[in-house]
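Student: Below you will find the structure I want to go over with you.
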Amino acid sequence: MIDNSYILGLFGQYGFTTGTSSLSTGATQRLKAQPTPPWDTTRQAQQSDLLRAALAGRSLINEGAARLDVPGASADYGKLFTLYQGLASLAALADQAGSPGASTTQVSLADKRFEAGLSEVTGWMAQAGFDAFSMVQGTSSSLSKSTAGVVRDTSKSLTGPIHEGGLADPVAAFEGDVQFRMTIGKLETSVDIDIDLAEMGAQPRTLSAVISHINGKLETAGVQTRIGREMIPSEERTIQVGDKTVKLPDGPERWALMVRGSSVETVEFSAPDTADAVYVVQGSGAGNQLLKFTDGAGVGAAAGIGETHWVDGRMSQNGLPEGISAIRATETDAEGNVWMVADLSEGSATQPIKGTSDVALMKFDSAGRLVFSRALGAASEASGYALAISDDGRVAVAGSVTGALVNGDVGANRAVSDSFVTVYDLDGVEQWTQRRGATAADEATAVTFGDDGTVYVAGRAKSAMTGASAVGGWDGYLQAFSQSQAYPTAPITAASKFTTQFGTAGDDSVAAVTVEGNDLYVAGVENGRGVLRRYTLNPTGAPTLAATRDLGLMGGEIAGLSVSDGRVVVAGTTHNSDLASGATVNTAHAGGKDVFVLSLDPSLTADGNDRITFFGGAGDDTAADMQVRDGKVWLTGVHDRPLGGLEDDPTEAYAARLDAQTGAVEWSRVWQGAGNQAAPATLAVAAGGASVLDRLGLPTGVIAQGDSKLLTAATSVRVGDRFEVVGANGRARTVTIEARDTLQSLARKIEQASNMQLRVTVASEGGEVTGKDGETALTMGGLQRLSISARDGREGAILKSGAAGRDALAGLGLSPGFIGRISGNDARTTYGVDLPNTLNLATPDAAKRAGEAILAAMKVVRDAYRDLKPEDPLTKARGQAPAYMTARIANYQAALNRLTGG
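The sequence shown begins at 2 in my numbering and counts up by one.
Here it is as structure tokens:
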């Protein structure tokens, strides 16, 4: 049978396929369509040669080296090949830095050359000027939306589930003595409404009945605020049967209370009967959790709906946001809110981080609901170690940062950590940040406020801090900062008051610092021994070391330090049963690693009143955190873990309150966690923070109805972060983040920088429509994000990342690249090459990420090469033949069959 393609070829309309015919064989001998690319095995450069040239400091971009073996080929091929060779050199550097045997010197040199080479390659690409297409750093799209979102104000507040069952069923949370007060604020006045469910008499306390009772009180008081209910969808339930997952029927309905406020009213809750509350942050098999306990029996602690591993005295259990890798400090403020310092390995859906890790300051209300989260805004890596709240409402966070933080400054060595301290107001708005670093690594591990507002920071450093002298190994250090403001609306600035360094020739650390009057105390482990230091603060200059107390070999850690009721209280863990030798032992060491609580004279001089209490079992116990309130010591940690246990072995948690002087354990609880894992990390105590409101899921204090709209508060961008907008004329204009910028002001800046090529709007997501202003719908709640597209009839523009360490696009969740028309007959093809300037080779993980990004960029170059291939006239017409031609082919086939006897 004769191939139809041969017949079609006779008519000159369709190419013929390769076959045994000499005609088809000759037809496939076509001219070479494209130049041989540098990734072809015949042209591929040796990686060792590329690496050697790159390390020698040679330029990674060499346009003269691009060889085109097809006469008359487009100049775009040469530019693609030049770019590819530059990327291949960067890949060689990444492989070198990421190899297991690379020395510190090799990594440092490769990182330095990579930084310069990346800048060279991306800079060249930006001005290469391809003819057939465009190539930009980042992505290519018709619409770009920021992933960072700003929360809209709302007067609605939803509790957690308080009832499981039908609306006609009595609610367990409403049983017993339920009394509280709602204070509704109106402009210059406020109204107190007392709620007492005993006034309902014998009426069943169903959800509907109680809500009706409360709303009747509110209506009588003449306020707009009301209480409603909200059904929470049941979680899907499944069971594993063999290798199949079987879906179970949905569980019973769950209901929450909804506080429906008004934009002209504030809502505050309080209760007549309260008890102390203790908050414990723990890691478990179910993730990070915030647990709330009380030591008071009168407030009615009970297991909440959906909570697990309940223990008597626990008021609530709330999951913490995802993306948290570590939590090292929590504190409560005067209103009973819980503040937390967390390390982030990734940002949230609405608050992306700029680097590989960052620090977040989170505020939760007394019911465990997240009020807001503030990202530090580190360009590369950061960790938070300490937190303090002053009497006047300032919040200090201290830790370490690697890479850029303030104004792109990376410190003496961008590959090692520096100490930082940031002070916020109670609304979470940053007041000032100070970064202080040694040549080698250092980190701030403790922070506190003095009576005069001075911020004291303590930590450790591997070399001399600025203004101090190194002792040897890791040293302890102490710094102080004062703040000032030239006039009421001027920026708040901070200045260093002193820096002092101390320790031994070995490795030393500082775990805690506190101020009492004119005395400053520091506690840490120095060369393996527990050491307390007392300094006398001076009006100017560094403090004077007044006393030192050596506690002996630790075999453990210091967890906390406080001065209360005229005694210095220190807590931690130790293997040493003779710690603080000479102190009266209230309770003996039980074996393994035990928790200790030590009470000393403020002078640190040993005397007959020194007391030490050991707490724990025969196994290993930990003291993750310590707080002292009214002379009582609160502790949390892991309880009595068997000696020699493995990391994944089951763990139990504990919380306890002790009398430091007598050693009496006045309250304690032990509990388990999901996956048999319960590992407390921090503890915070709120005086009078527990009440019947906890059973109802309601917070103590004023309910927050909104949050800051400043970009520096709602996102991870910092003042001075920037990016560029390149319009159709090729001119780049810089957009810089300012202290008062919001989404609205930023939208105007981007439009103007694009020479009105772009249309930038603030798009609302979620929330509810509350009315109309003309044709504009008024909404409440939900989120707002930037939405960027090309204006009608305009080409669009390119967003370019800011300089390394000062890039605002990453913090806004906007991708660099082209935004404009990417489809249509007259639309120009644009390729996006995502090579952010934050790529580096400083660590193995960073080198791995950089290598992956370079490989992805090389693929884009290969894609552009493939798409640049000229159309083949012999293959252009392949496809379904028209009907008339199919009929003619059939007739010719029949004739041939008759001639050949087929």
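Even glycine gets a Cβ: it sits at the ideal position worked out from N, Cα and C. The structure displayed is predicted, hence computed values, not measured ones.
Assuming A679 and E648 are in contact, meaning their beta carbons sit under 8 Å apart, how far apart are those beta carbons, in whole angstroms?
Tutor: About 14 Å separates the two Cβ atoms, so there is no contact after all.
Student: What separation, rounded to the nearest whole angstrom, lies between the Cα atoms of A682 and F819?
Tutor: Between A682 and F819, the C-alpha separation is close to 45 Å.
Student: On the criterion of 16 or more Cβ atoms from any shown chain inside 10 Å, does M232 qualify as buried, or is it exposed?
Tutor: Answer is exposed; the Cβ neighbour count stays below 16.
Student: For T455, collect the residues of the same chain with a Cβ closer than 6 Å to its Cβ; drop the 5 residues on either side in sequence, then sort them by chain order.
Tutor: Excluding positions up to five away in sequence, the list reads A481, S483.
Student: Closest to A368 by CA distance: which of Q290, V718, P39, P101 is it?
Tutor: When each option's Cα is compared against that of A368, the closest is Q290.
Student: Between which two residues does the beta strand (DSSP E) containing A495 stretch?
Tutor: Residues 493 to 503.
Student: Check whether the segment 293 to 309 touches the segment 653 to 672, counting contact only when three or more Cβ pairs, one atom from each stretch, lie closer than 8 Å.
Tutor: The segment 293 to 309 is in contact with the segment 653 to 672.
Student: Got a sec: does the ligand SAH put a non-hydrogen atom nearer than 8 Å to the Cβ of G454?
Tutor: The ligand SAH is absent from the structure shown, which contains no ligand whatsoever.
Student: Going by CA-CA distance only, name the one from R461, S142, K113, L538 that's closest to A524.
Tutor: The candidate whose alpha carbon is nearest that of A524 is R461.
Student: Nearest-angstrom Cα distance between E336 and N730?
Tutor: Their Cα atoms are separated by approximately 55 Å.
Student: Give the secondary structure of S420 by DSSP, where H, G and I count as helix, E and B as strand, and everything else as coil.
Tutor: In the structure shown, S420 sits in a strand (DSSP, three-state: E or B).
Student: Does the Cβ of T105 have 16 or more other Cβ atoms within 10 Å, making it buried, or fewer, making it exposed?
Tutor: Answer is exposed; the Cβ neighbour count stays below 16.
Student: What does the Cβ neighbour count give for Q628, buried or exposed, with the cut at 16 atoms within 10 Å?
Tutor: Classification of Q628: buried, given that the 10 Å Cβ count is 16 or more.
Student: If I follow the unbroken alpha helix (DSSP H) through F82, where does it start and stop?
Tutor: Start and end: 76 to 99.
Student: Would you tell me roughly how many angstroms separate the C-alpha atoms of R795 and R822, rounded to the nearest one?
Tutor: Distance between the alpha carbons of R795 and R822 is about 8 Å.
Student: Suppose the cutoff is 8 Å on Cβ atoms and the five residues either side in sequence are ignored; what does the same chain contact list for A740 look like?
Tutor: Cβ neighbours of A740 beyond the five flanking positions: P492, L711, T713, V720.
Student: By Cβ distance below 7 Å, which residues in the same chain neighbour T515 in space, the five residues on each side in sequence not counted?
Tutor: Taken in chain order, the residues that qualify are T449, Y522, L562, S563, V564.
Student: When the distance is taken between beta carbons, is L406 closer than 9 Å to L377?
Tutor: Taking 9 Å as the Cβ cut-off, L377 and L406 qualify as a contacting pair.
Student: Alpha helix (DSSP H) containing F115: first to last residue?
Tutor: Element bounds for F115: 105 to 128.
Student: Of the choices R261, L697, R530, whose alpha-carbon is the least far from that of I306?
Tutor: Residue L697 is the option with its Cα nearest to I306.
Student: Is it true that the CB of G833 sits closer than 9 Å to the CB of F136?
Tutor: First, the residue type needs correcting, since residue 136 is Met and not Phe in the sequence shown. Contact flag set, yes.
Student: Could you say which of L208, Q180, Q706 lies nearest to I196 if we only look at CA atoms?
Tutor: The candidate whose alpha carbon is nearest that of I196 is Q180.
Student: What are the start and end residues of each continuous beta strand (DSSP E) run of 3 or more residues lying completely inside the segment 701 to 773, in chain order?
Tutor: You should have 723 to 727, 733 to 737, 759 to 766.
Student: Would S209 and L168 qualify as a contact pair, given that the criterion is a beta-carbon distance under 9 Å?
Tutor: Closer than 9 Å, so yes.
Student: From the DSSP secondary-structure annotation, give me the bridge partner or partners of R230.
Tutor: Its beta-bridge partners are L258.
Student: From the DSSP output, in three-state form, read off M627 for me.
Tutor: If DSSP states are grouped into helix, strand and coil, M627 belongs with the strands.
Student: In the DSSP assignment, the beta strand (DSSP E) including D595 goes from what residue to what residue?
Tutor: 595 to 601 is the span of the beta strand (DSSP E), which, as asked, contains D595.
Student: Can you find at least 3 beta carbon pairs, one from the segment 150 to 164 and one from the segment 842 to 861, that sit closer than 8 Å?
Tutor: Not touching, per the Cβ criterion.
Student: Do D428 and A691 have their C-beta atoms within less than 9 Å of each other?
Tutor: Going by C-beta atoms, D428 is not nearer than 9 Å to A691.
Student: Which residues mark the beginning and the end of the beta strand (DSSP E) in which Y832 is found?
Tutor: Taken as a continuous stretch (DSSP letters only), the beta strand (DSSP E) holding Y832 covers 831 to 834.
Student: Give the DSSP-derived three-state secondary structure of S25 in the structure shown.
Tutor: Only weak support is given to the placement of S25: the predicted model assigns it a pLDDT of 41, under 50, and the value that follows is read from those uncertain coordinates. DSSP places S25 in helix when its eight states are reduced to three.
Student: Taking the runs of the beta strand (DSSP E) that are 3 residues or longer, which of them lie wholly in the segment 800 to 868?
Tutor: Fully enclosed beta strand (DSSP E) runs of 3 or longer: 818 to 821, 831 to 834.
Student: For the beta strand (DSSP E) containing N677, list its first residue and its last residue.
Tutor: Neither: N677 is in no beta strand (DSSP E) and is coded neither H nor E.
Student: From what residue to what residue does the alpha helix (DSSP H) around A54 run?
Tutor: A54 -> alpha helix (DSSP H) spans 48 to 56.
Student: Given L345, which residues of its chain have a CB within under 8 Å of its CB, disregarding the five upstream and five downstream residues?
Tutor: Closer than 8 Å at the Cβ level, and outside the excluded window around L345, lie G324, I325, S326, I354, S358, D359, V360, A361, A376.
Student: Any idea what DSSP makes of L779, helix, strand or coil?
Tutor: Confidence is the limiting factor: at L779 the pLDDT is only 49, short of 50, which leaves the residue's position unreliable, though a coordinate-based value still follows. Three-state DSSP puts L779 in a strand.
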